[in-house]
Amino acid sequence: MKQLESIKDLKDIQISNERLMHSATHDEILNGHTTDVYFLRTLDILGELDLAESEVIAEIFPRKPGMLAGVNEVLNLLKGRNLEIWAVDEGETFEPKDTIMRIKGKYKDFAIFETTLLGMMASASGWATASSVIKEACGDKFFLCFGARHVHPAVAPVMERAAIIGGAGGVSCILAAKLGGIQPSGTVPHSAMLVAGDTVKVAQTYDKLSDPSHNRIVLVDTFKDEVEEAIRVAKALNGNLYGVRLDTPSERGGVTPGLVKELRAKLDLEGFNEVKIFVSGGLTPDKIKTLIEAGADSFGVGSFISAASPIDMTMDLKVVAGKSVAKRGRIPGLVDNPKLKKIVE
């Protein structure tokens with residue numbers, strides 16, 4: 002596949018009738034097919050003016066505070082293009098207008114990737130930032146991200162990898178976990194209980210099939226009162242139950258602090274002090290704080306992270322042919338940031 006260099010190249014892009022997915026392939030991304038078309042027109046104009054080879058320095062800054070992610074993908078996108086690159090580390094925080102990346106080289110060598118690299122960092126940083134907010138609310142409590150079902154599968158691994166950077170202790174999406182260097186986390190969904198018709202039957206089979214080192218966490222809100230079901234499961238697993246998961250739907254009021262307090266108290270009274278309480282379902286930082294006070298031990302967070310807005314990123318050319326430049330409203334020349342590190346010579 003040829004890298005796009007001119008408006009004329011658009012005629013070579015043909016969409017096959019056999020194409021199964023609307024998402025871009027790696028080759029399409031790396032060859033500029035996801036850029037804004039005006040960058041191709043820009044290269045045509047600068048080429049006609051004999052200026053496409055101009056050496057420039059570009060800087061990228063965010064519009065609001067957050068936590069940076071997506072740098073790794075950007076470096077892979079620009080790899081081998083004869084550029085010098087400085088960047089802030091993934092997982093570092095930033096403030097509005099901080100320089101988070103600086104690129105030096107011939108403009109033609111990275112012009113068409115502006116759209117792509119801004120999108121990579123904007124989306125990933127939004128998700129990492131949301132995850133960091135959840136991490137702050139959780140304190141020393143564990144939380145798992147399972148927001149993959151809320152986004153397009155092409156970006157689900159990107160989202161959950163960003164959640165790991167933000168502080169998630171685990172993720173449910175298999176590919177995201179592998180990209181993050183961890184194992185995917187998850188137990189058994191409601192569908193298993195609904196098909197089998199009994200939570201205890203599923204729990205016992207789950208226990209039988211699982212590796213001894215696996216933490217068995219069982220949903221207890223499918224058929225019966227959550228407290229009653231939790232005690233039934235704990236007795237049936239006879240010491241092998243690590244925790245119970247509360248995912249009471251909004252139609253029944255969701256998981257409340259009162260329910261958590263009752264469950265904790267009655268598990269303790271039955272001698273199941275070691276059984277943990279895992280909560281999921283529409284969680285926000287404020288809900289998490291109240292549930293921790295009630296006795297919850299860990300959390301599963303989906304939409305708060307997956308629905309996070311991208312953090313707008315802007316790329317400005319700050320130096321052209323050795324001269325400081327800027328559009329109106331911006332200050333010409335480089336804006337230093339002590340967090341910047343030179344990554345690519």
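Positions in the sequence shown are counted from 1; adding 1 to them yields the numbering used here.
Ideal Cβ placement from N, Cα and C applies to all residues, glycine included.
All of these numbers come straight from a predicted model, not from anything done at the bench.
Would you identify the three-state DSSP class for residue 286, choosing helix, strand or coil?
Position 285 of the sequence shown holds residue 286. Reduced to three states, the DSSP call for residue 286 is helix.
Measure the CB-CB distance between residue 88 and residue 317 and report whether it falls below 8 Å.
Numbered from 1 along the sequence shown, position 87 holds the residue referred to as residue 88. Numbered from 1 along the sequence shown, position 316 holds the residue referred to as residue 317. Not closer than 8 Å, so no.
Proximity test, Cβ basis, 8 Å: residue 239 and chain C:
The structure shown contains no chain C, having only a single protein chain.
Three-state secondary structure (DSSP) of residue 253
Taking the sequence shown and counting its residues from 1, one reaches residue 253 at position 252. Helix at residue 253.
Three-way DSSP call (helix, strand, coil) for residue 22 in this model
For the purposes of this step, residue 22 is taken as the residue at position 21 of the sequence shown. Residue 22 falls in the coil class under three-state DSSP.
Spatially closest choice to residue 298 from 259, 307, 267, 244, by CA coordinates:
Here the question's residue 298 lines up with position 297 in the sequence shown. Comparing Cα-Cα distances from residue 298 to each of 259, 307, 267, 244, the minimum goes to 244.
Assuming residue 145 and residue 171 make a contact with CB atoms under 8 Å, what is their CB distance in whole Å?
In the sequence shown, counting from the first residue as 1, residue 145 sits at position 144. In the sequence shown, counting from the first residue as 1, residue 171 sits at position 170. Right, the Cβ-Cβ distance comes to about 4 Å (below 8 Å), so this counts as a contact.
Using the Cα positions of residue 74 and residue 207, report the straight-line distance between them to the nearest angstrom.
Taking the first residue of the sequence shown as position 1, residue 74 is located at position 73. Taking the first residue of the sequence shown as position 1, residue 207 is located at position 206. In a straight line, the C-alpha of residue 74 is about 38 Å away from that of residue 207.
Per the contact definition of three or more C-beta pairs closer than 8 Å, is the region 249 to 267 in contact with the region 290 to 307?
yes
Reference residue 239; option with closest CA among 71, 64, 204
Reading the sequence shown from its first residue, position 238 is the one you call residue 239. Comparing Cα positions, the closest option is 204.
Nonlocal neighbours in the same chain, by C-beta distance under 8 Å from residue 79, ignoring five residues either side
By 1-based counting over the sequence shown, the position of residue 79 is 78. Hits under 8 Å: 86, 104, 111, 114, 118, 345.
Residue 196 - containing beta strand (DSSP E), residue span
The residue labelled residue 196 in the question sits at position 195 within the sequence shown. First-last for residue 196: 191 to 197, but that is the alpha helix (DSSP H), not the beta strand (DSSP E).
Rounded to the nearest angstrom, what separates residue 242 and residue 139 at their Cα positions?
Along the sequence shown, one-based indexing puts residue 242 at 241. Along the sequence shown, one-based indexing puts residue 139 at 138. Whole-angstrom Cα-Cα distance: 23 Å.
Pick out whichever of 54, 69, 229, 56 has its Cα sitting closest to the Cα of residue 163.
To locate residue 163, count along the sequence shown from 1; it is residue 162. Looking at the Cα atoms, 69 is the closest of the given residues.
Would you mind giving the Cβ-Cβ distance between residue 24 and residue 107, rounded to the nearest angstrom? I have them listed as a contact below 8 Å.
For this step, residue 24 is matched to residue 23 along the sequence shown. For this step, residue 107 is matched to residue 106 along the sequence shown. Residue 24 to residue 107, Cβ: 30 Å. No contact.
Ranges of the beta strand (DSSP E) found wholly within the region 196 to 236, counting only runs of at least 3
217 to 220
Could you tell me which residues DSSP pairs with residue 88 in its beta bridges?
Start at 1 with the first residue of the sequence shown, and residue 88 comes out as number 87. Bridge partners of residue 88: 102, 342.
DSSP has residue 324 in a bridge; who is on the other side?
Residue mapping note: residue 324 aligns to position 323 of the sequence shown, counting from 1. Per DSSP, 321.
Classify residue 314: buried if its beta carbon has 16 or more other beta carbons within 10 angstroms, exposed otherwise.
Position 313 of the sequence shown holds residue 314. Classification for residue 314: buried.
Contact between the region 151 to 161 and the region 173 to 181 is defined here as three or more beta-carbon pairs at a separation below 8 Å; is this criterion met?
yes
In angstroms, rounded to a whole number, what distance separates the CA positions of residue 319 and residue 335?
Along the sequence shown, read from residue 1 onward, the residue named residue 319 stands at position 318. Along the sequence shown, read from residue 1 onward, the residue named residue 335 stands at position 334. Cα-Cα distance, rounded: 6 Å.
Please state if the CB of residue 281 and the CB of residue 246 are separated by a distance shorter than 8 Å.
By 1-based counting over the sequence shown, the position of residue 246 is 245. By 1-based counting over the sequence shown, the position of residue 281 is 280. The answer is yes: Cβ separation under 8 Å.
If you reduce the DSSP assignment to three classes, tell me which class residue 165 lands in.
Here residue 165 refers to the residue found at position 164 when the sequence shown is read from its first residue. It is helical.
What number of angstroms, rounded off, separates the C-alpha of residue 215 from the C-alpha of residue 235?
Taking the first residue of the sequence shown as 1, we reach residue 215 at position 214. Taking the first residue of the sequence shown as 1, we reach residue 235 at position 234. Each residue's alpha carbon lies about 16 Å from the other.
With DSSP collapsed to three states, give me the class of residue 277.
Position 276 of the sequence shown, counting from 1, holds the residue named residue 277. Residue 277 falls in the strand class under three-state DSSP.
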